[in-house]
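A.B. asks: I am attaching a structure below and will ask some questions about it afterwards.
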Amino acid sequence: MGGTHNSEPEPYPALRVRALESLLIEKGLLSSDVVDKLVAIYENDVGPMNGARVVARAWVDSAYKQRLLADGAAAIAELGFGGRGGGDKLVAVENTPTVHNLVVCTLCSCYPWPVLGLPPNWYKMPAYRSRAVLEPRTLLREFGLELPESVEVRVWDSSAEVRYLVLPERPAGTGHLGEAELARLVTRDAMIGVARVTAAAPAR
Amino acid sequence: MGGTHNSEPEPYPALRVRALESLLIEKGLLSSDVVDKLVAIYENDVGPMNGARVVARAWVDSAYKQRLLADGAAAIAELGFGGRGGGDKLVAVENTPTVHNLVVCTLCSCYPWPVLGLPPNWYKMPAYRSRAVLEPRTLLREFGLELPESVEVRVWDSSAEVRYLVLPERPAGTGHLGEAELARLVTRDAMIGVARVTAAAPAR
Amino acid sequence: MNGVHDLGGMQGFGPVAREPNEPVFHADWEKRVLAMNVAAMTQRLYNVDEFRHGIERMGAAHYLASGYYEHWFAAVETLLIEKGVVKRIELDVRTAALGANPAAHPRRDDPALSARLLHAVRAGSAAKSEAAPAPRFRAGDRVLTRNTHPAGHTRLPRYARGRHGAIERFHGVYTLPDAHAHGRGRQPQPLYSVRFEGRELWGESAEPGAWVYLDLWESYLEPA
Amino acid sequence: MNGVHDLGGMQGFGPVAREPNEPVFHADWEKRVLAMNVAAMTQRLYNVDEFRHGIERMGAAHYLASGYYEHWFAAVETLLIEKGVVKRIELDVRTAALGANPAAHPRRDDPALSARLLHAVRAGSAAKSEAAPAPRFRAGDRVLTRNTHPAGHTRLPRYARGRHGAIERFHGVYTLPDAHAHGRGRQPQPLYSVRFEGRELWGESAEPGAWVYLDLWESYLEPA
Chain X
1 MGGTHNSEPE PYPALRVRAL ESLLIEKGLL SSDVVDKLVA IYENDVGPMN
51 GARVVARAWV DSAYKQRLLA DGAAAIAELG FGGRGGGDKL VAVENTPTVH
101 NLVVCTLCSC YPWPVLGLPP NWYKMPAYRS RAVLEPRTLL REFGLELPES
151 VEVRVWDSSA EVRYLVLPER PAGTGHLGEA ELARLVTRDA MIGVARVTAA
201 APAR
Chain R
1 MGGTHNSEPE PYPALRVRAL ESLLIEKGLL SSDVVDKLVA IYENDVGPMN
51 GARVVARAWV DSAYKQRLLA DGAAAIAELG FGGRGGGDKL VAVENTPTVH
101 NLVVCTLCSC YPWPVLGLPP NWYKMPAYRS RAVLEPRTLL REFGLELPES
151 VEVRVWDSSA EVRYLVLPER PAGTGHLGEA ELARLVTRDA MIGVARVTAA
201 APAR
Chain G
1 MNGVHDLGGM QGFGPVAREP NEPVFHADWE KRVLAMNVAA MTQRLYNVDE
51 FRHGIERMGA AHYLASGYYE HWFAAVETLL IEKGVVKRIE LDVRTAALGA
101 NPAAHPRRDD PALSARLLHA VRAGSAAKSE AAPAPRFRAG DRVLTRNTHP
151 AGHTRLPRYA RGRHGAIERF HGVYTLPDAH AHGRGRQPQP LYSVRFEGRE
201 LWGESAEPGA WVYLDLWESY LEPA
Chain S
1 MNGVHDLGGM QGFGPVAREP NEPVFHADWE KRVLAMNVAA MTQRLYNVDE
51 FRHGIERMGA AHYLASGYYE HWFAAVETLL IEKGVVKRIE LDVRTAALGA
101 NPAAHPRRDD PALSARLLHA VRAGSAAKSE AAPAPRFRAG DRVLTRNTHP
151 AGHTRLPRYA RGRHGAIERF HGVYTLPDAH AHGRGRQPQP LYSVRFEGRE
201 LWGESAEPGA WVYLDLWESY LEPA
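Line by line, the protein sequences give chains X, R, G and S. According to our numbering, the residues represented by the first sequence are 1 to 204, in order. According to our numbering, the residues represented by the second sequence are 1 to 204, in order. According to our numbering, the residues represented by the third sequence are 1 to 224, in order. According to our numbering, the residues represented by the fourth sequence are 1 to 224, in order.
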């Protein structure tokens, strides 16, 4: 590699990817239906809706919340979530009135796939990865989240196979909502730690 | 700027440079003869042959050598060298049987223009700048210079307006040579510190 | 490796650019790269640490000028060639052939392979915690990270080297990426979450009341 | 600024590529960039610290993918536009016009300007040492560099922050680049050569018997 096709026009990667795919298929290491089914998993089956169900359950069921904080992987498996891309260790970190958690991977782009799906581009790009550990408050302010100095910021830099899920604070005024309704309020950004959950349902 | 013309074809910088040049000429801040004369200075008047004269003088005149080590800028001015691109401070560092000096600029490409001219590309590129401070012995080995562990390596990272010139060791077997003949042995690489001077005249 | 991938604390990359209603994929080829890589790792053609180091070995300018799936593809290509799964010349020839005749090499299904791979993906196949060796540190212990600059893969980022922290928790015993990325086996070690005060990492440039938690293997740490 | 220009100790750039019988310039436009920059600084359109920071502000991928005179030109263009000497639109229009008619805008001499600039270049116009303030440290004093990560220009490289060294010599009193690059005046300070043992900088990865000498301003240092 070594930067040799830096300035190739856009069709080039697409063509070379198809070429490699066709070679792997010929060698019996891949098949077209494998591609289709894997893509379908990451487009349809895993995504922030999984994490939102975990969060909502933790909000309404304090025993579940304790299990989630004690062993994240086991707790999400109760809801049927797991599999590749999440390590075998998931750690849920809880936001409180005095502690705010934020997740990043400075060395690559580790992310809790089983509960959040594939990461958004901004999570993978240099701006977020470089700044989250050095100036988290400034970064959060850009995301629209102004934290008072009395709130401690904890940045989780995922450098190993352990993945992190932020358990956001349950917003005030949601006492009348059921678990499914609560899950609809929980956004991907809140579970990464760059937003709060609000009682108004988010635009999806 | 911001990387916007990364993948432009080669003619682009040339055209934009000519455009800026023509605008500066119109504004009275530049003229074609200024360009010609400045280029002529750096193509003809300054270069390693200046530094070689300084080194040869230091080898044959121990009083000059002491003045060079005490105040490099004043000593090179005795030979008519100076001007922009060298700061007002030049420090000559002397190689001995137990000390080898090497010059780099990790943050940009500072270089002693009045005595060595404009730097070669390798001096300005990331490989040299990144490695000279971390693994100087390995780097020097690649340049063909194997230093025993008993020789201390001193790497001068030029982060300020101070510029460094390595005063190489005079090779054995040159007792019969005069100052002008000695100067012909002294290479740019030896004055950066990536080579020794040898008694055989270098290819130029 | 002190490469440009080690981005923690770097500056000059500007604001975070977000895309409203971002799709899961931005181009069809990205889907194919995802599938290829998952299929290759599931079949153990290379491991995740070799994969990450494959990305780190990209040219620095290329790394910074390209996105996530280009990084993935760079590593997939590098590793499949190095492992002898495909030959570079094969890939060059096939790329040229597809350029000349895009309709060549139509889809081919393999239900048996598909069932096997999908089962493995759903089960997960990432590093599992092992029983030994026993952890040297306990929660609350003060530690000093090593100031080390290995040429190969490591998960100790540059910004956290030679810094004092405290053990937050013991995660279990996991494969050491520094070994596993370079064909030196798994060499499992205790893995800890270690907390660092912002000021210890960034000096006077630290923001107040900010802590960084890093997952670090035992050999990265000394008692302090 | 922790940018990709701060290359000391980075890895992955491969061997040093040397060119036998390298010419002073590789293209005509490089000569013009050199002349423009020297002429601009000699006329104080911007200062050398603004110039260096102009290069540091390039996009990281662009910086690593381009060479010395492209770096120079990026900074020259950025600064002349920021200082109002030329307008970006003027430059865009002129570039397009020259593309359409390369013979336009022939050479124009100005012997008076030429004489004035060449005299200044020969005399040199770099930072001169000033008398005050008096230096706080003497040769041999042990110092600790500050662990600081300013967003702007600095000449304290990342690899030498928070490290112990010893004063090698006092150079004189010089303009502080951290201020001068940002329109905050010269703020002259004592400048020292400081020596660091390889092991202090690189830990176990240091080569034996290797020392690094850095020129550092007094405010980068604390007594140790």
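Ideal Cβ positions, reconstructed from N, Cα and C, are used throughout, including at glycine. Predicted, not measured: the structure shown is a model, and the values here were computed from it.
To the nearest whole angstrom, what separates the beta carbons of His-105(G) and Ser-32(X), a pair I think is in contact under 8 Å?
C.D. replies: Not confirmed; about 10 Å, so no contact.
A.B. asks: Tell me the residue span of the alpha helix (DSSP H) that contains Pro-177(G).
C.D. replies: Element bounds for Pro-177(G): 177-180.
A.B. asks: Against chain G, with Cβ distances strictly below 8 Å, would Trp-202(S) count as a contact?
C.D. replies: Yes, contact with chain G.
A.B. asks: Compare the C-alpha of Gln-43(S) against each of Gly-28(R), Arg-57(R), Thr-138(R) and His-100(R) and name the closest.
C.D. replies: Gly-28(R)
A.B. asks: Measure the alpha-carbon distance for Ser-219(G) versus Pro-150(G) and round it to whole angstroms.
C.D. replies: 13 Å
A.B. asks: Assuming Leu-176(G) contacts Pro-188(G) (C-beta within less than 8 Å), just tell me the rounded distance between them.
C.D. replies: The C-beta distance from Leu-176(G) to Pro-188(G) rounds to 7 Å, short enough to meet the 8 Å contact threshold.
A.B. asks: For the beta strand (DSSP E) that contains Gly-198(S), what are its first and last residues?
C.D. replies: According to the DSSP assignment, Gly-198(S) belongs to no beta strand (DSSP E) but to the alpha helix (DSSP H) extending over 198-202.
A.B. asks: If you drop the 5 nearest sequence neighbours on each side, which residues of the same chain put their C-beta closer than 6 Å to that of Ile-55(S)?
C.D. replies: So the list reads His-71 and Ala-75, once near-sequence residues are dropped.
A.B. asks: Under 7 Å from any heavy atom of the ligand ADP, does the C-beta of Leu-68(X) make it?
C.D. replies: Among the components modelled here there is no ligand, and therefore nothing to report on the ligand ADP.
A.B. asks: From the DSSP output, in three-state form, read off His-62(G) for me.
C.D. replies: DSSP places His-62(G) in helix when its eight states are reduced to three.
A.B. asks: Could you tell me whether the Cβ atoms of Lys-89(R) and Ala-73(R) are closer together than 8 Å?
C.D. replies: yes
A.B. asks: Using a Cβ-Cβ cut-off of less than 8 Å, give me the residues of the region 183-196 of chain X that come near chain G, in sequence order.
C.D. replies: none
A.B. asks: Run through chain G and tell me which residues come within less than 7 Å of Thr-148(S), C-beta to C-beta.
C.D. replies: Contact of Thr-148(S) with chain G by beta-carbon distance below 7 Å involves Gly-203, Glu-204 and Ser-205.
A.B. asks: Counting Cβ pairs, one atom from each stretch, are 3 or more of them under 8 Å apart for the region 88-95 of chain G and the region 26-45 of chain G?
C.D. replies: In short, these stretches do not touch, since the Cβ pair count stays below three.
A.B. asks: If you measure between the beta carbons of Val-212(S) and Leu-20(R), is that distance less than 8 Å?
C.D. replies: no
A.B. asks: Give me the residue from Gly-117(X), Ala-14(X) and Arg-131(X) with the minimum Cα distance to Glu-142(X).
C.D. replies: Nearest of Gly-117(X), Ala-14(X) and Arg-131(X) to Glu-142(X), Cα basis: Arg-131(X).
A.B. asks: Glu-179(X) and Arg-57(X) look like a contact to me (Cβ under 8 Å); what is the Cβ gap, rounded to whole Å?
C.D. replies: 6 Å
A.B. asks: Report buried or exposed for Thr-96(R), applying the criterion of at least 16 other Cβ atoms within 10 angstroms of its Cβ.
C.D. replies: With fewer than 16 other Cβ atoms within 10 Å, it is exposed.
A.B. asks: So which residues of chain S does Ile-76(R) contact, with C-beta pairs closer than 8 Å?
C.D. replies: Simply none; closest approach about 11 Å.
A.B. asks: Where does Tyr-42(X) sit, in a helix, a strand or coil, going by DSSP?
C.D. replies: helix
A.B. asks: For my contact list, Thr-98(R) and Ser-150(R) are in at a C-beta cut-off of 8 Å; report their separation, rounded to the angstrom.
C.D. replies: 7 Å
A.B. asks: What in chain S is Cβ-close to Phe-13(G), meaning under 8 Å?
C.D. replies: Ala-60
A.B. asks: Between Thr-198(R) and chain S, is there a C-beta pair that is closer than 8 Å?
C.D. replies: no
A.B. asks: Looking at the structure shown, is Ala-180(X) part of a helix, part of a strand, or coil, going by DSSP?
C.D. replies: helix
A.B. asks: Kindly list, in the order they appear in chain G, the residues whose Cβ is closer than 7 Å to that of Ala-160(X).
C.D. replies: Arg-155, Tyr-174, Leu-191 and Asp-215
A.B. asks: In terms of residue numbering, what span does the beta strand (DSSP E) encompassing Pro-223(G) cover?
C.D. replies: 221-223
A.B. asks: In the DSSP assignment, find the alpha helix (DSSP H) that holds Val-85(S) and state where it starts and stops.
C.D. replies: Where Val-85(S) is concerned, there is no enclosing alpha helix (DSSP H), given that its DSSP letter is neither H nor E.
A.B. asks: Could you say which of Gly-165(G), Leu-214(G), Arg-94(G) and Ser-66(G) lies nearest to Val-241(X) if we only look at CA atoms?
C.D. replies: In the structure displayed, chain X extends from 1 to 204; residue 241(X) sits before or after that span and is not available.
A.B. asks: Touch check for the region 41-56 of chain R and the region 111-122 of chain R: three-plus C-beta pairs under 8 Å?
C.D. replies: yes
A.B. asks: Taking the alpha carbon of Ala-132(G) as the point to measure from, which residue in Asn-101(G), Thr-148(G), Ala-100(G) and Arg-186(G) has its own alpha carbon closest?
C.D. replies: Arg-186(G)
A.B. asks: Does the beta carbon of Val-33(S) sit closer than 8 Å to a beta carbon anywhere in chain G?
C.D. replies: no
A.B. asks: Could you say which of Ala-179(G), Ala-60(G) and Leu-201(G) lies nearest to Tyr-159(G) if we only look at CA atoms?
C.D. replies: Leu-201(G)
A.B. asks: Would DSSP call Glu-8(X) helix, strand or coil?
C.D. replies: With a pLDDT of 43 at Glu-8(X), under the threshold of 50, the modelled position of this residue cannot be trusted, and the question is left open.
A.B. asks: What distance in whole Å lies between the Cβ atoms of His-171(S) and His-153(S), which are believed to be in contact at a cut-off of 8 Å?
C.D. replies: No, His-153(S) and His-171(S) are not in contact; Cβ-Cβ is about 19 Å, not under 8 Å.
A.B. asks: For Thr-95(S) and Asp-6(G), I'd like the C-alpha separation in whole angstroms.
C.D. replies: Rounded to whole angstroms, Thr-95(S) to Asp-6(G) spans 38 Å at the Cα level.
A.B. asks: At 9 Å on the CB atoms, spell out the chain S contacts of Ala-151(G), in chain order.
C.D. replies: Gln-11, Gly-12 and Ser-205
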